[in-house]
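Here this note's numbering is used: the first residue of the sequence shown is 162, the next is one more, and so on. Just below is one structure, and these are the notes that go with it.
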Amino acid sequence: MTGPRGSGLDDWEDSESLSAHCHFSGVGCDEEYRVVSLNVSFVPLFGVFPPEVGLLDRLVNLTIAANNLSGRIPVEVGNLTSLRVFNISNNAFNENFPGQIFRSMTQLEVLDAYNNNFTGPLPIEIVDLKNLRYLSFGGNCFTGEIPERYTEIQSLVYLGLNGIGLIGKSPAFLARLKNLEEIYVGYYNTYIGGVPFEFGTLSKLRVLDMGSCNLTGEIPASLANLKHLDTLFLQMNRLTGLLPPQLSGLISLKSLDVSINELTGEIPASFSALQNITLINLFENNFHGRIPLFIGDFPYLEVLQVWGNNFTFELPQNLGSNGKLQKLDVSSNHLTGLIPSDLCKGGNLVMLILMNNIFNGPLPEGIDVGCQAWPAENVR
Numbered sequence: 162m163t164g165p166r167g168s169g170l171d172d173w174e175d176s177e178s179l180s181a182h183c184h185f186s187g188v189g190c191d192e193e194y195r196v197v198s199l200n201v202s203f204v205p206l207f208g209v210f211p212p213e214v215g216l217l218d219r220l221v222n223l224t225i226a227a228n229n230l231s232g233r234i235p236v237e238v239g240n241l242t243s244l245r246v247f248n249i250s251n252n253a254f255n256e257n258f259p260g261q262i263f264r265s266m267t268q269l270e271v272l273d274a275y276n277n278n279f280t281g282p283l284p285i286e287i288v289d290l291k292n293l294r295y296l297s298f299g300g301n302c303f304t305g306e307i308p309e310r311y312t313e314i315q316s317l318v319y320l321g322l323n324g325i326g327l328i329g330k331s332p333a334f335l336a337r338l339k340n341l342e343e344i345y346v347g348y349y350n351t352y353i354g355g356v357p358f359e360f361g362t363l364s365k366l367r368v369l370d371m372g373s374c375n376l377t378g379e380i381p382a383s384l385a386n387l388k389h390l391d392t393l394f395l396q397m398n399r400l401t402g403l404l405p406p407q408l409s410g411l412i413s414l415k416s417l418d419v420s421i422n423e424l425t426g427e428i429p430a431s432f433s434a435l436q437n438i439t440l441i442n443l444f445e446n447n448f449h450g451r452i453p454l455f456i457g458d459f460p461y462l463e464v465l466q467v468w469g470n471n472f473t474f475e476l477p478q479n480l481g482s483n484g485k486l487q488k489l490d491v492s493s494n495h496l497t498g499l500i501p502s503d504l505c506k507g508g509n510l511v512m513l514i515l516m517n518n519i520f521n522g523p524l525p526e527g528i529d530v531g532c533q534a535w536p537a538e539n540v541r
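Rendered as structure tokens:
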């Protein structure tokens with residue numbers, strides 16, 4: 162593991178001092194000058210993972226993220242029995258992930274291998290890590306299914322298995338992990354089934370991301386029980402049916418994306434209760450009816466994208482009056498009436514797409530004043 166001059170590790174030089182290494186960039190020591198932390202993230206290194214790291218048997222934090230390292234993880238890492246944080250994300254490590262070497266790391270709390278080139282099945286051995294809170298294998302090339310035994314890791318708060326090519330039934334069994342706060346299991350995974358209704362029992366959940374993973378069926382109303390949920394991403398699936406009006410119970414919801422599905426019906430009137438919403442993506446579905454007036458009353462709304470539906474009537478005339486609107490795309494509907502005059506209030510609007518509708522009347526003066534710095538390609 163080496164790096165060019167100017168890589169950020171120029172102070173890693175030989176010295177006769179017993180404590181000199183404790184002052185190296187990215188190195189932390191205990192009172193006996195033993196290395197307990199090694200964090201060289203975002204340093205332009207190259208080469209392989211040095212097996213000598215296994216000699217640092219008091220190491221608590223090993224973070225070598227975004228260093229352009231490749232090859233396999235050496236078995237010597239298994240000697241790091243005091244390790245609590247192991248972060249090798251954003252490198253080019255490959256071959257099967259060596260789950261067996263982690264069995265002795267009983268204190269491990271963070272295992273982050275995001276965005277590498279690991280292959281083969283997800284490692285089953287990590288179920289022995291009873292203190293693991295953060296697990297990310299996303300952005301790799303694993304195969305097979307999510308092991309149901311992962312539900313034995315009851316300490317998990319964050320689970321990232323997104324974008325790794327998994328198959329099998331939609332993982333309803335993950336609802337047994339009652340401490341989960343964030344679930345990322347979509348993107349290039351291909352499941353059989355829909356959004357598990359059992360996920361409605363995950364009372365601590367803040368993020369549910371199951372975008373682009375071949376989900377079918379209807380959105381379960383049970384998700385309304387997730388009072389701490391702030392992000393619900395179900396885009397790019399094959400979901401059908403209506404938006405459950407019960408989702409108005411998601412009082413903490415900030416981001417809702419159900420775009421590119423086969424959903425129908427109208428936006429439920431009960432959604433007026435979603436007063437914390439900042440992003441609404443409903444585009445490329447089969448929604449119809451009016452874009453409700455209450456959407457213009459949302460105090461924090463920044464993004465509204467509903468293009469490619471069958472909405473009719475006029476836009477809410479107070480849309481943009483909160484001064485926070487950044488993106489509005491209502492193209493390819495059947496909207497009529499006047500263009501709201503407050504769209505640029507606050508000067509934050511960077512994208513406005515209104516084409517393929519039946520609007521009438523003049524372009525509001527406020528748009529000329531508040532959006533005069535727009536790039537032309539952002540106005541259609």
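Note that the Cβ used here is the ideal one computed from N, Cα and C, for glycine as well.
1) Give a yes or no on whether the C-beta atoms belonging to Ser297 and Gly260 are separated by under 7 Å.
2) Checking the sheet assignment: what are the DSSP bridge partners for Asn200?
3) So, for Pro477: in the same chain, excluding its five sequence neighbours on each side, which residues have a beta-carbon less than 6 Å away from its beta-carbon?
4) Can you tell which of Asn470, Cys374, Val467 has its C-alpha closest to the C-alpha of Ile328?
5) Helix, strand or coil: which one does DSSP assign to Pro282?
6) So for Ile528, helix, strand or coil by DSSP?
7) I need the straight-line Cα distance from Ala253 to Ile314, nearest angstrom please.
8) Compare the Cα-Cα distances from Ile285 to each of Leu499, Gln268, Phe303 and report the closest residue.
9) Quick check: the Cα distance between Pro460 and Ile441, rounded to an integer number of angstroms?
10) Since Val196 and His182 should fall inside the 8 Å C-beta cutoff, what is the C-beta to C-beta distance between them, to a whole number of angstroms?
11) Thinking just about the alpha-carbon of each residue, which of Ile421, Val209, Asn386, Asp391 is nearest to the one in Pro405?
12) Taking a contact to mean a Cβ-Cβ separation below 7 Å, would you say Ser243 touches Arg264 in this structure?
13) Using the three-state DSSP reduction, which class does Ser409 fall into: helix, strand or coil?
14) Do Lys506 and Gly481 have their C-beta atoms closer together than 7 Å?
15) Count the other CB atoms, across all protein chains shown, that sit within 10 Å of the CB of Asn494; report buried if there are 16 or more and exposed otherwise.
16) Just mark Pro212 as buried or exposed, buried being the case when its beta carbon has 16 or more other beta carbons within 10 Å.
17) Would you mind listing the beta strand (DSSP E) stretches within the stretch 424-463 that are 3+ residues and don't spill past its ends, in chain order?
18) If you measure from the beta carbon of Ile421 to each beta carbon in chain B, is any gap under 7 Å?
19) Can you give me the C-alpha to C-alpha distance between Ala382 and Thr401, rounded to a whole angstrom?
20) Quick check: the Cα distance between Tyr319 and Val467, rounded to an integer number of angstroms?
21) Do Ala336 and Thr362 come within 7 Å of each other at the CB atom, strictly closer than that value?
22) What three-state label does DSSP hand Gln268 in the structure shown?
23) Measure the C-alpha to C-alpha separation of Asn447 and Gly498 and round it to an integer number of angstroms.
24) Could you tell me the alpha carbon to alpha carbon distance between Leu206 and Asn240, rounded to whole angstroms?
25) Note the first and the last residue of the continuous beta strand (DSSP E) segment covering Arg310.
26) What does a CB cutoff of less than 7 Å around His389 pick up in its chain, not counting 5 residues either side in sequence?
27) Measure the C-alpha to C-alpha separation of Ala227 and Asn251 and round it to an integer number of angstroms.
28) Look at the alpha carbon of Pro536 and the alpha carbon of Val511, and state the distance between them as a whole number of angstroms.
29) Taking the alpha carbon of Asn292 as the reference point, which residue from Thr280, Gly189, Tyr311 has its own alpha carbon closest?
Straight from the coordinates:
1) Not in contact: Ser297 and Gly260 (Cβ atoms no closer than 7 Å).
2) Thr224
3) Leu454, Ile456, Gly457
4) Looking only at Asn470, Cys374, Val467, the smallest Cα-Cα distance to Ile328 is reached by Cys374.
5) Pro282 falls in the strand class under three-state DSSP.
6) helix
7) Taking the straight line from one Cα to the other gives about 27 Å.
8) Phe303
9) So the two alpha carbons sit approximately 13 Å from each other.
10) 7 Å
11) Ranking the options by Cα distance to Pro405, first place goes to Asn386.
12) no
13) helix
14) Contact flag set, yes.
15) So Asn494 ends up on the buried side.
16) exposed
17) 440-442, 447-451
18) Considering every chain present, this structure includes no chain B. It has just one protein chain.
19) 13 Å
20) 31 Å
21) yes
22) coil
23) 21 Å
24) 23 Å
25) Element bounds for Arg310: n/a, residue is neither H nor E.
26) Once the five neighbours on either side are set aside, the close Cβ partners of His389 are Lys365, Leu366, Arg367, Ser413.
27) Taking the straight line from one Cα to the other gives about 5 Å.
28) Because Pro536 carries a pLDDT of 48, less than 50, the predicted location of this residue cannot be relied on, and the following value inherits that uncertainty. The straight-line gap from Cα to Cα measures roughly 8 Å.
29) Nearest of Thr280, Gly189, Tyr311 to Asn292, Cα basis: Tyr311.
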